[in-house]
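Okay, structure first, notes after.
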Amino acid sequence: MHSRTFTVLLALFVAACGGSDITPPISSQGSNTPPGGNPPGGTTPDPTPSNPGGGSTATVGFVSRTVVENGVSYNFKVFVPANYNTVSGKVPVILFMHGSGGKGSDNVSQLADGLGPVVKSQASTFPAIVVFPQSPADETGRQVFVRIAPAALDQVLAEYTKSDLSRVYLTGLSYGAIHGFEVAYRRPTTFAAFVPISGDPCGLCISGNSSTTQAQGFQLVAPVLKSLPIWQFQGELDTQVSVVLVRQEKDALIAAGSAIKYTEYKGAPHGIWDTVYADQTMWTWLWAQHR
């Protein structure tokens, strides 16, 4: 778990969501059971796989990939389930957007927190393809992350033909959750569900207008995302993302007709993602969502 240092721009990102489901933190300890249960099919990979996916045998585990956006190449990681080559059905896909500590160009840091450690610890059983894009270190103000993340996702969906297009999920923590709202806003029909953690929409990012307030940003996002299943998590004592604003964002979604689920961990700070990703109830809910 890392603490996030906000830049002046990111200070504008904080927003709000509220709710009646206020619970104490649960244990952040993982287990050897894959989140939400066992994956379909077998778990034995081909002993001599070749890269990439498609109709050929795919390399399983963490694979380094490259996506080109506006003429610039960006590296990202893809996790391919151990049973990808043997499973007969389709495989769900997760797009994970890291926090500010994952920025860089090493194609490693984005795996350090949040979903990365969960997938690493359960590599033999984790049931989904996971896309791990990495935001450039000088991202602030350039809106690169929100372009390369969906571009990387599209590349993976095209290359790995067992990808289940009806079960493509989005999740992000902190900085990644903030930008995750923008990705979901611009691609509202791509995802079957969205799990933002310790983050909320950036109004000026959504509108492209620096005069847009957070409240106005919520009003832009709410009608677009009202049909997207969302389970949002927030720490009550978060000092980096305002819980008051997060509650306001949640209320805006509800007012627009969203059935958003909201869990606020009583007495918890900003870094709650280990707890969220260890929550089997969340995973059961996520795997059940289909477009």
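Be aware that the sequence shown starts at 726, since it is given in the numbering used here, and climbs by one per residue.
Beta carbons: idealized from backbone N, C-alpha and C, even for Gly.
Other residues of its chain near residue i: CB distance less than 8 Å, five sequence neighbours each side excluded
{"i": "Glu961", "result": "Ile747, Val968, Glu989, Tyr990, Lys991, Gly992 and Ala993"}
{"i": "Ile931", "result": "Phe906, Glu907, Tyr910, Thr937, Gly942, Leu945 and Val946"}
{"i": "Gly928", "result": "Leu737, Ala740, Thr937, Thr938, Gln939, Ala940, Gln941, Gly942, Phe943 and Leu945"}
{"i": "Gln1014", "result": "Arg892, Tyr894, Ala917, Ala918 and Pro954"}
{"i": "Glu864", "result": "Lys828 and Phe870"}
Element boundaries [alpha helix (DSSP H), containing residue i]
{"i": "Glu884", "result": "Phe870 to Glu884"}
{"i": "Leu929", "result": "Gly928 to Ser932"}
{"i": "Thr1000", "result": "Trp998 to Tyr1002"}
{"i": "Gly839", "result": "Where Gly839 is concerned, there is no enclosing alpha helix (DSSP H), given that its DSSP letter is neither H nor E."}
Residue i versus residue j: straight-line alpha-carbon distance, rounded
{"i": "Val871", "j": "Ser983", "result": "23 Å"}
{"i": "Trp1008", "j": "Val920", "result": "10 Å"}
{"i": "Phe821", "j": "Gln880", "result": "15 Å"}
{"i": "Lys802", "j": "Gly827", "result": "12 Å"}
{"i": "Asp889", "j": "Lys815", "result": "5 Å"}
{"i": "Val971", "j": "Leu836", "result": "26 Å"}
{"i": "Gly743", "j": "Gly933", "result": "Interpretation of Gly743 is limited by its pLDDT of 36, a score under 50 that renders its predicted location unreliable; the figure taken from the coordinates is listed afterwards. Cα to Cα, the separation comes out at about 25 Å."}
{"i": "Ile997", "j": "Ser899", "result": "10 Å"}
{"i": "Lys951", "j": "Ala981", "result": "6 Å"}
{"i": "Asp771", "j": "Ala853", "result": "Its pLDDT being 29, under 50, Asp771 is placed unreliably by the model, and nothing is read from it."}
{"i": "Ala783", "j": "Val797", "result": "26 Å"}
{"i": "Pro913", "j": "Asp925", "result": "16 Å"}
{"i": "Ile873", "j": "Ser825", "result": "16 Å"}
{"i": "Lys845", "j": "Val805", "result": "11 Å"}
{"i": "Ser860", "j": "Gly829", "result": "6 Å"}
{"i": "Pro817", "j": "Asn795", "result": "28 Å"}
{"i": "Thr811", "j": "Asp963", "result": "44 Å"}
{"i": "Lys975", "j": "Val966", "result": "14 Å"}
{"i": "His995", "j": "Trp956", "result": "17 Å"}
{"i": "Ser789", "j": "Pro858", "result": "10 Å"}
Assigned exposure category for residue i - 16 Cβ within 10 Å defines buried
{"i": "Asn808", "result": "buried"}
{"i": "Thr886", "result": "exposed"}
{"i": "Ala977", "result": "buried"}
{"i": "Ala902", "result": "buried"}
{"i": "His823", "result": "buried"}
{"i": "Asp831", "result": "exposed"}
{"i": "Thr791", "result": "exposed"}
{"i": "Ala917", "result": "buried"}
{"i": "His904", "result": "buried"}
{"i": "Gln868", "result": "exposed"}
{"i": "Val793", "result": "exposed"}
{"i": "Ala862", "result": "exposed"}
{"i": "Ala883", "result": "exposed"}
{"i": "Thr896", "result": "buried"}
{"i": "Ser834", "result": "buried"}
Cutoff 6 Å; reference residue i; Cβ partners in own chain excluding five residues on either side
{"i": "Leu878", "result": "Leu820 and Val856"}
{"i": "Pro750", "result": "Note on Pro750: pLDDT 39, under 50, position unreliable in the model; the coordinate value appears next. Around Pro750: Tyr990, Ala993 and Thr1000."}
{"i": "Ile922", "result": "Leu898, Ala902, Phe958, Trp998 and Val1001"}
{"i": "Tyr799", "result": "Val792 and Ile873"}
{"i": "Arg1016", "result": "Ser891 and Ala917"}
{"i": "Val949", "result": "Tyr910 and Pro913"}
{"i": "Ser935", "result": "Leu929"}
Beta-carbon contacts of residue i that lie in its chain and below 7 Å, excluding the five residues immediately before and after
{"i": "Tyr1002", "result": "Gly839, Leu840 and Val843"}
{"i": "Thr915", "result": "Val893"}
{"i": "Ala848", "result": "Gly786 and Ala807"}
{"i": "Thr768", "result": "With a pLDDT of only 29 at Thr768, under 50, the local geometry of the prediction cannot be trusted, and the value read off the model is given with reservation. Within the same chain, Thr768 has close Cβ partners Ala807, Asn808, Ser849 and Thr850."}
{"i": "Pro875", "result": "Val908 and Arg912"}
{"i": "Trp1010", "result": "Trp956"}
{"i": "Ile985", "result": "Ile955, Gln957, Lys975, Leu978 and Ile979"}
Chain B contact for residue i (CB, 8 Å cutoff)
{"i": "Asp999", "result": "This model lacks chain B altogether; it includes just one protein chain."}
Span of the beta strand (DSSP E), counted from its first residue to its last, around residue i
{"i": "Gly942", "result": "Counting along the chain, Gly942 falls outside any beta strand (DSSP E), though it belongs to the alpha helix (DSSP H) covering Gln939 to Leu950."}
{"i": "Ala918", "result": "Ala918 to Ile922"}
{"i": "Val856", "result": "Ile854 to Pro858"}
{"i": "Ser888", "result": "Ser888 to Leu898"}
(message) Please give me, in chain order, every unbroken run of the alpha helix (DSSP H) with length at least 4 that falls completely inside the stretch 951 to 1012.
(response) 968 to 980 and 998 to 1002
(request) Kindly provide the ranges of any alpha helix (DSSP H) runs that are 4 or more residues long and lie completely inside the stretch 794 to 826, ordered along the chain. (result) none
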